[in-house]
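Asks:
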Amino acid sequence: ANVYAADCENWWWGFETACSRVSTIWNEGEAGLYLTGYAWHNRSTYDQAKIDSYNEFAYGGGLGLHRDLPNNNQEMIYLISFADSHEKPQTHAGYGYLWYWDVAGPLKAGLGWTGGLFSRSDIASYALLPFVLPLFAVKYDKVNFFGTYIPGGRNNGNVLFLFSRFDY
14 ANVYAADCEN
24 WWWGFETACS
34 RVSTIWNEGE
44 AGLYLTGYAW
54 HNRSTYDQAK
64 IDSYNEFAYG
74 GGLGLHRDLP
84 NNNQEMIYLI
94 SFADSHEKPQ
104 THAGYGYLWY
114 WDVAGPLKAG
124 LGWTGGLFSR
134 SDIASYALLP
144 FVLPLFAVKY
154 DKVNFFGTYI
164 PGGRNNGNVL
174 FLFSRFDY
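Everything in the sequence shown is counted per the numbering used here, starting at 14 for the first residue and increasing by one.
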């Protein structure tokens, strides 16, 4: 039996569109395996002692679904978990939208945004909190490389996070 996402007709005003998008990706999307990889802390915003104490190998992964749209665009939903800067679990459940441009043959470059919920130990003790971030991408056939920049202040945030998706 197929598992279908929620019926979106009776959601609160404004949420029915988000529900409909997620439901469509869930029902029609193609699967992908996510691997996380690197969290670079901007050297101009951190003290060297902090940099030396941080883990920048953000190992982990997850699963997701994506759906191609007209004009090379794509939307996706995903669930990833990885080692944060303190080597503790950080989890993201998100939606992303990308506008892609052809570069050469199957090579494409994209820009967009991602948003959803995240949790980590040092921010509200793993409470689910919302996020919205810019997203950039390079895609070659079924291999996708993504990056986002998490803004912040002195000794927090200001992290370039890189991850990938391998489409089935």
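All C-beta atoms in this analysis are idealised placements derived from N, C-alpha and C, irrespective of residue type, glycine included. On a predicted model such as this, the values are computed, not experimentally measured, just so you know.
Alpha carbon to alpha carbon, how far is residue 95 from residue 73? Give it in angstroms, no decimals.
Replies: As a working note, residue 73 is residue 60 in the sequence shown. As a working note, residue 95 is residue 82 in the sequence shown. The straight-line gap from Cα to Cα measures roughly 4 Å.
Asks: Considering only the beta carbon of each residue, do residue 52 and residue 78 sit closer than 8 Å?
Replies: Residue numbering aside, residue 52 sits at position 39 when the sequence shown is read from its first letter. Residue numbering aside, residue 78 sits at position 65 when the sequence shown is read from its first letter. No, the Cβ-Cβ distance between residue 52 and residue 78 is not below 8 Å.
Asks: With burial defined as no fewer than 16 other Cβ atoms inside 10 Å of the residue's Cβ, what is the status of residue 157: buried or exposed?
Replies: Along the sequence shown, one-based indexing puts residue 157 at 144. Under this definition residue 157 is a buried residue.
Asks: So what's residue 134 in DSSP terms, helix, strand or just coil?
Replies: The count along the sequence shown starts at 1 and reaches residue 134 at position 121. If DSSP states are grouped into helix, strand and coil, residue 134 belongs with coil.
Asks: Quickly, what does DSSP pair residue 106 with across the bridge? List them, please.
Replies: The residue labelled residue 106 in the question sits at position 93 within the sequence shown. Beta-bridge pairing links residue 106 to 92 and 130.
Asks: Do we get a CB-CB distance below 8 Å when we pair residue 101 with the residues of chain B?
Replies: Absent from the structure is chain B; it holds one protein chain and no more.
Asks: Run the CB neighbour count on residue 179, radius 10 Å, all protein chains shown included, and call it buried at 16 or more, exposed below.
Replies: Residue mapping note: residue 179 aligns to position 166 of the sequence shown, counting from 1. When all chains shown are included, residue 179 counts as exposed.
Asks: Are the CB atoms of residue 47 and residue 75 nearer to each other than 8 Å?
Replies: In the sequence shown, residue 47 corresponds to position 34, counting from 1. In the sequence shown, residue 75 corresponds to position 62, counting from 1. In contact: residue 47 and residue 75 (Cβ atoms closer than 8 Å).
Asks: Taking the alpha helix (DSSP H) that residue 40 falls in, what are its first and last residues?
Replies: Indexing the sequence shown from 1 puts residue 40 at position 27. Taken as a continuous stretch (DSSP letters only), the alpha helix (DSSP H) holding residue 40 covers 28-41.
Asks: Tell me, to the nearest whole angstrom, how far the beta carbon of residue 173 is from that of residue 160; I am working on the premise that it is less than 8 Å.
Replies: Residue mapping note: residue 173 aligns to position 160 of the sequence shown, counting from 1. Residue mapping note: residue 160 aligns to position 147 of the sequence shown, counting from 1. About 6 Å; that satisfies the 8 Å criterion.
Asks: Judging by CA-CA distance, which residue of 103, 122 and 171 is the nearest neighbour of residue 142?
Replies: Taking the first residue of the sequence shown as 1, we reach residue 142 at position 129. Comparing Cα positions, the closest option is 103.
Asks: Using DSSP bridges, identify the partner residues of residue 67.
Replies: In the sequence shown, the residue the question calls residue 67 occupies position 54. Partner(s): none; residue 67 has no beta bridge.
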